[in-house]
Each structure stands twice: as C-alpha cells, then as structure tokens.
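Chains A and B, in that order, give the protein sequences.
Each step along the first sequence adds one to the number in the numbering used here, with nothing skipped, and position 224 is 224.
Take the position in the second sequence, starting the count at 1, then add 275; the result is the number in the numbering used here.
Quick reminder that beta carbons are idealized off the backbone N, C-alpha and C, glycines included.
Owing to the predicted nature of the structure, the values given are computational and were not obtained by experimental measurement.
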Amino acid sequence: MAHAGTLDIRGLNKRYEVKGQPLPVLHDINLTIKPGEFVSIVGTSGCGKSTLLRLIIGLEEDYEGEILLDGTRVRGTNLNRGIVFQEHRLFPWLTVEKNIALGLLNSGLTEGQQRATIREHIELVGLNGFEKAYPHQLSGGMSQRVAIARALVNRPDILLLDEPFGALDAMTRAHLQQELHRIWQTEGITMILVTHDVEEAVYLGDKVVVMEPRPGRIRRTVPVPLAHPRDRASYAFTTVKDNVLREFGEHSAAELAEPPLKTARPDTSTWQFAV
Amino acid sequence: MSQATSSGGVPPALRPWVLPVLILLLWWWAVASGWSTSPLLVSPWAVWEKALQQITSGDLWAALSASLWRNAQGFVAGASAGLAVGVLLGWSRWAERLVGPSFHTLKQISLFAWIPMLSMWFGLGDGAKIAFIAMAAFFPMVLNTFEGLRSVPREFIEVGRVYGFGFRQQLTRVIAPSAAPSVFTGVQLALIYSWLATLGSEYLMASGPGIGNTLIDGREHFQMDLVLFGVVVIGLVGSVLNAATGALERRLLAWRDRTVARY
Numbered sequence: 001m002a003h004a005g006t007l008d009i010r011g012l013n014k015r016y017e018v019k020g021q022p023l024p025v026l027h028d029i030n031l032t033i034k035p036g037e038f039v040s041i042v043g044t045s046g047c048g049k050s051t052l053l054r055l056i057i058g059l060e061e062d063y064e065g066e067i068l069l070d071g072t073r074v075r076g077t078n079l080n081r082g083i084v085f086q087e088h089r090l091f092p093w094l095t096v097e098k099n100i101a102l103g104l105l106n107s108g109l110t111e112g113q114q115r116a117t118i119r120e121h122i123e124l125v126g127l128n129g130f131e132k133a134y135p136h137q138l139s140g141g142m143s144q145r146v147a148i149a150r151a152l153v154n155r156p157d158i159l160l161l162d163e164p165f166g167a168l169d170a171m172t173r174a175h176l177q178q179e180l181h182r183i184w185q186t187e188g189i190t191m192i193l194v195t196h197d198v199e200e201a202v203y204l205g206d207k208v209v210v211m212e213p214r215p216g217r218i219r220r221t222v223p224v225p226l227a228h229p230r231d232r233a234s235y236a237f238t239t240v241k242d243n244v245l246r247e248f249g250e251h252s253a254a255e256l257a258e259p260p261l262k263t264a265r266p267d268t269s270t271w272q273f274a275v
Numbered sequence: 276m277s278q279a280t281s282s283g284g285v286p287p288a289l290r291p292w293v294l295p296v297l298i299l300l301l302w303w304w305a306v307a308s309g310w311s312t313s314p315l316l317v318s319p320w321a322v323w324e325k326a327l328q329q330i331t332s333g334d335l336w337a338a339l340s341a342s343l344w345r346n347a348q349g350f351v352a353g354a355s356a357g358l359a360v361g362v363l364l365g366w367s368r369w370a371e372r373l374v375g376p377s378f379h380t381l382k383q384i385s386l387f388a389w390i391p392m393l394s395m396w397f398g399l400g401d402g403a404k405i406a407f408i409a410m411a412a413f414f415p416m417v418l419n420t421f422e423g424l425r426s427v428p429r430e431f432i433e434v435g436r437v438y439g440f441g442f443r444q445q446l447t448r449v450i451a452p453s454a455a456p457s458v459f460t461g462v463q464l465a466l467i468y469s470w471l472a473t474l475g476s477e478y479l480m481a482s483g484p485g486i487g488n489t490l491i492d493g494r495e496h497f498q499m500d501l502v503l504f505g506v507v508v509i510g511l512v513g514s515v516l517n518a519a520t521g522a523l524e525r526r527l528l529a530w531r532d533r534t535v536a537r538y
C-alpha cells in the first residue's frame with residue numbers, strides 16, 4: 001500500500017490581479033486532511049475550489065499562508081501529488097499505455113518496473129485490452145479512467161480530482177464513482193475531490209467541505225458518518241445530502257452547475273496567402 | 276469517408292478515372308471525326324508519339340531533372356527558413372510583435388510581383404528562380420508552423436509540469452507532437468506551392484533547361500503536341516508529390532486517423 005499523506009492548509013489567501021486591482025480568490029482557508037481520508041469540496045462557481053486544487057498541486061504559486069504535505073511546504077509540482085482534471089487531457093498522439101507511461105518519465109524506475117506498473121494500473125482502472133487504443137477511440141468515461149491511471153502511476157501520497165466526472169453522462173458518472181471508491185480503498189491514499197455534484201460529494205467523502213464565493217472561503221465542513229457501500233436512496237444518506245444543500249441557503253441547487261469548459265484557440269482564420 | 280449512393284456500377288477504385296477517360300475519348304473523337312480541324316487541337320495519338328520521342332531522346336529527363344533539382348533547392352531553402360521564422364514567431368510574443376506586422380504585409384504581395392526585383396538582383400540564371408521558389412515555400416511554412424506552436428494547448432503543458440517535465444521533455448513530448456500536424460500541413464503546402472513556382476519561374480524567367488522551357492519551346496515552334504505533353508508531365512509530378520506527402524502524413528500522424536472503428 002502506498003504512503004498516504006497528511007495535508008495541512010493554514011491561513012491560505014490567494015489573490016489575482018484584475019486590471020491592476022487585487023481580486024481576492026481564496027480567503028483564510030484552514031483545512032487539515034488526515035492520511036487516507038477522502039475529502040469532498042463543493043461550492044458554486046467562482047468559490048475558488050479549483051484554484052485551491054491548483055495551489056495544492058503546485059501549478060499556481062504566489063499565495064499567503066501555508067500548504068504543508070507531511071509537514072513540508074508545497075513548492076511547485078511533485079510526483080508525490082497527482083491530479084485528474086475535468087477534461088481527461090490525454091495526449092491524442094499516444095496510445096493508452098504510452099499516455100500512462102508519460103507519468104513515469106521522471107520516476108526513476110527501470111524500464112521493466114515501468115512496464116509492470118503500467119500493466120498494474122491499466123488493470124486497476126479496468127482497461128485491459130485497450131493498451132494500444134488511441135484516445136479518440138475511447139469513450140469519455142474510459143478516457144477519464146486512463147487519466148486516473150496516469151495520475152496514480154507514480155503512487156502519489158495524495159490524489160486531487162478536479163470535477164473529474166463533470167462532463168460524463170449520469171450512468172457513467174455513477175459507475176465511475178463506485179470505481180473511484182474501490183480505487184481509493186485499494187490504494188489507501190488521501191484524496192480530495194472538487195465537485196459541484198452534492199450527491200457525488202456525499203457518496204464518496206468522509207467529510208464534505210462547503211465553500212462559498214466572493215471571496216472563496218470555507219462555509220462549513222459536514223461529516224459523513226456513513227459506512228460503505230453507501231445507499232444513495234437511504235434516509236441517512238439523504239439527510240446528510242440535505243444538510244449540505246442547506247448550506248447553500250437561498251442559492252438553488254441548480255446554481256451549482258457550472259458551464260462546460262472551453263479551450264481558447266488563437267484565431268488564425270483571418271490569415272490568407274497571396275500567390 | 277462518405278460513399279456515393281448512386282455510382283452507376285463503377286468499382287470504387289476506378290471511379291477517379293471515369294472523367295479523364297471520357298475527356299480523352301471526346302478529344303480523340305473530336306480530332307478523328309473531323310469535327311475539329313484546328314491545328315490547336317492535335318490528336319491524343321500525336322501527343323503519345325511526342326511523349327515517346329521525348330523520353331527516348333533524353334529531352335524529357337534533361338528538362339525534368341533540371342526542374343526537379345531547382346524545385347528541391349528552392350523548397351529546402353524556403354521551407355527551412357520558413358520553419359525557423361515560424362518557430363521564432365510562434366515561440367516569442369516579442370518577436371511576433373517585432374516581425375509579425377512586416378511579415379503580414381509582405382505576404383499580401385503577390386509572389387509574381389517579386390519577379391522583376393528578383394531577376395534584377397539575381398539575374399536570369401538559376402539564382403533568381405530558386406529564390407522565387409524559396410519564397411513560395413516560405414510563406415505557408417511560416418504560417419502553419421506559427422499556428423501549430425500557438426495552438427499547443429496550455430492544458431497539455433500543465434500535464435507536463437505535473438509530471439516534472441523539464442524544458443527538453445516539454446519540447447519533445449508535448450510541444451513538438453502538438454504542433455506536428457500543422458507543421459506538416461505547412462510542408463505539404465510548401466511542396467505544392469514550390470512546384471507551381473518552379474513552373475512559374477521557368478516560364479517567366481526563361482533560360483536554361485526545364486519543363487517550363489519545354490512549354491515555351493512548344494509554343495514558339497507551334498508544336499501543340501509538345502505543349503500538351505508538358506502539361507501532362509507537370510500534372511503528374513504534382514500528383515506524385517501530393518500522393519507522397521499524403522502517404523507520409525498517414526504514417527507519421529496515424530493517431531489522427533478518424534476512420535478507425537470506434538470501440
């Protein structure tokens with residue numbers, strides 16, 4: 001079993017500069033996550049929950065306060081922290097196994113060890129037989145499984161998940177939630193899931209952190225004292241879910257839904273040749 | 276790929292040949308039936324005989340090899356310069372601000388407008404022709420390389436950062452493969468444009484051997500069979516270049532193949 005990390009966030013503040021004015025994105029975040037714990041973070045759009053993950057993974061810096069993993073301050077990215085993004089971000093020119101192998105490029109493992117690890121992780125996410133497939137040949141759910149395998153292949157102490165199932169249909173999503181739970185139990189590592197789906201948050205989390213926007217801050221942490229496997233239709237489950245939803249107060253649950261992500265491309269359509 | 280629903284029973288492999296064969300038959304009929312007696316339209320048979328004579332005498336090879344060599348030199352010079360400038364503009368916003376506006380102005384000038392200047396600078400020998408061909412290859416190469424680099428998704432660079440990629444790894448594992456399809460389009464266009472420019476240069480700066488000069492000879496000596504033969508050769512070379520790059524693209528960029536059955 002891999003080592004599970006303790007994450008300690010103390011007095012975290014993050015600002016962006018917008019037109020010369022400082023815009024607070026995260027305000028005084030304090031959060032302690034125990035080794036092997038599964039923490040869900042929910043909140044409306046603009047509450048800074050994705051920014052929080054980007055700070056923990058190390059893709060964004062310049063913050064006040066402290067982010068400590070096992071007592072060491074987080075600085076830049078590191079193979080002991082893994083992340084799964086909302087879009088699978090697989091490289092379209094590489095097969096499934098080569099995409100996963102990319103995660104091991106700087107792992108220091110020998111070629112034989114790499115092959116064994118890749119095989120193991122393809123097995124873990126249930127994609128045997130698809131090693132040589134290209135991303136465009138995979139469904140959205142399968143692509144996200146590959147992304148999970150790639151994120152876990154370095155055996156990180158902590159796995160961050162940024163709305164990983166947000167773009168999937170309801171059936172696939174429910175199935176992958178079960179799968180993620182199984183993987184969490186198998187690997188025994190710490191996981192943080194950012195989502196706008198309250199049911200998903202309650203289904204998977206040991207606790208649910210509710211955030212509120214402008215500036216992003218923690219409103220409340222709701223414990224989920226339910227044994228696994230959890231029955232989404234049970235009275236106890238819906239009670240916890242209602243508890244979380246109540247934190248959104250006057251905000252309707254519909255407001256939790258976020259628009260799908262769009263990638264900006266440079267506009268080159270105005271370019272023409274003169275011959 | 277979509278299949279035509281009404282194909283008239285012609286096997287798919289032969290379909291591209293239907294129109295050329297029909298035109299050839301019509302051409303043959305127009306001359307053979309006496310419908311056209313104009314010396315501007317010689318019979319397909321006369322063109323065929325001219326072709327055999329050109330091939331056996333070595334005239335074709337002399338002209339074709341001169342043209343292809345010119346084409347190759349111009350293409351290599353123009354495409355590699357285009358790749359370098361494209362990388363520079365795509366990589367550095369600063370270079371784009373500095374060089375971009377001038378480049379965009381220059382590319383609006385029709386290539387043929389450069390001929391008087393090029394021929395004064397380089398004379399009417401091979402230098403001016405190769406410079407002209409190089410320019411034709413240069414512009415599409417710059418544009419497509421630039422576009423390829425600018426459309427490398429920031430999301431992919433972030434994936435590299437998460438896995439601790441250094442500069443070299445980002446370059447070889449993320450940036451180069453991301454930009455490759457667009458750069459390859461640039462190569463393909465540069466090849467086509469440089470072949471067009473080869474003919475243009477030989478025709479407009481007539482001197483020395485070349486397929487363009489074969490056409491001029493045909494026109495000046497009123498040999499329609501030679502002119503038509505030259506046109507066929509030019510078309511064949513263009514098709515071969517296009518097919519070759521197409522095959523190379525399918526090999527190198529197989530991952531883009533959308534026709535592979537979905538699981």
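N- and C-terminal bounds of the alpha helix (DSSP H) containing residue i
i, result
"L373 (chain B)", "R368 to L381"
"M142 (chain A)", "G140 to L152"
"L299 (chain B)", "R290 to A307"
"W93 (chain A)", "Element bounds for W93 (chain A): n/a, residue is neither H nor E."
"W470 (chain B)", "A451 to L479"
"T117 (chain A)", "E111 to L124"
"T489 (chain B)", "I486 to E495"
Three-way DSSP call (helix, strand, coil) for residue i in this model
i, result
"Y16 (chain A)", "strand"
"M171 (chain A)", "helix"
"I189 (chain A)", "coil"
"P391 (chain B)", "helix"
"T331 (chain B)", "helix"
"D500 (chain B)", "helix"
"D231 (chain A)", "coil"
"E212 (chain A)", "strand"
"K223 (chain B)", "Chain B is shown only over 276 to 538; residue 223 (chain B) falls outside these bounds and no answer can be derived."
"K49 (chain A)", "helix"
"K207 (chain A)", "strand"
"D401 (chain B)", "helix"
"G11 (chain A)", "strand"
"V285 (chain B)", "coil"
"T72 (chain A)", "strand"
"G5 (chain A)", "coil"
"V194 (chain A)", "strand"
Endpoints, beta strand (DSSP E) assigned at residue i
i, result
"T32 (chain A)", "Q21 to I33"
"L69 (chain A)", "E64 to L69"
"R81 (chain A)", "R81 to V84"
"G43 (chain A)", "F38 to G43"
"P223 (chain A)", "R217 to P223"
"D162 (chain A)", "I158 to D162"
Rounded C-alpha distance that separates residue i from residue j
i, j, result
"S332 (chain B)", "S367 (chain B)", "54 Å"
"F397 (chain B)", "M480 (chain B)", "11 Å"
"H136 (chain A)", "G188 (chain A)", "31 Å"
"A465 (chain B)", "S476 (chain B)", "15 Å"
"L527 (chain B)", "L31 (chain A)", "49 Å"
"E495 (chain B)", "Q463 (chain B)", "34 Å"
"L127 (chain A)", "M171 (chain A)", "18 Å"
"G513 (chain B)", "L339 (chain B)", "12 Å"
"E111 (chain A)", "G439 (chain B)", "18 Å"
"T186 (chain A)", "I158 (chain A)", "14 Å"
"F431 (chain B)", "L471 (chain B)", "38 Å"
"G402 (chain B)", "A337 (chain B)", "19 Å"
"Y134 (chain A)", "A529 (chain B)", "10 Å"
"S308 (chain B)", "L289 (chain B)", "28 Å"
8 Å contact criterion, which residue i and residue j should meet: CB distance rounded
i, j, result
"T51 (chain A)", "E60 (chain A)", "7 Å"
"G505 (chain B)", "L490 (chain B)", "4 Å"
"S107 (chain A)", "N154 (chain A)", "6 Å"
"L399 (chain B)", "S342 (chain B)", "Not a contact, Cβ separation roughly 16 Å."
"V293 (chain B)", "V285 (chain B)", "6 Å"
"T460 (chain B)", "N419 (chain B)", "5 Å"
"V198 (chain A)", "L245 (chain A)", "6 Å"
"F237 (chain A)", "V202 (chain A)", "7 Å"
Original post:
Can we say the region 397-409 of chain B touches the region 360-378 of chain B, given the rule of at least three CB pairs closer than 8 Å?
Top reply: no
Original post:
Should the region 114-133 of chain A be called in touch with the region 63-79 of chain A, which here means at least 3 C-beta pairs below 8 Å?
Top reply: no
**OP:** Take every Cβ of the region 158-176 of chain A, pair it with every Cβ of the region 84-92 of chain A, and state whether three or more of those distances are shorter than 8 Å.
**Re:** yes
**OP:** Flag this pair as touching only if the region 30-47 of chain A and the region 5-14 of chain A have three or more C-beta atom pairs under 8 Å; answer yes or no.
**Re:** yes
Original post:
Do the region 315-325 of chain B and the region 488-502 of chain B make contact, defined as three or more Cβ pairs closer than 8 Å?
Top reply: yes
Original post:
Should the region 419-431 of chain B be called in touch with the region 445-464 of chain B, which here means at least 3 C-beta pairs below 8 Å?
Top reply: yes
Subject >> Inter-stretch contact (C-beta, 8 Å, three-pair minimum) for the region 217-232 of chain A and the region 189-197 of chain A >> reply: no
Subject >> Contact between the region 201-219 of chain A and the region 34-53 of chain A (3+ Cβ pairs under 8 Å) >> reply: yes
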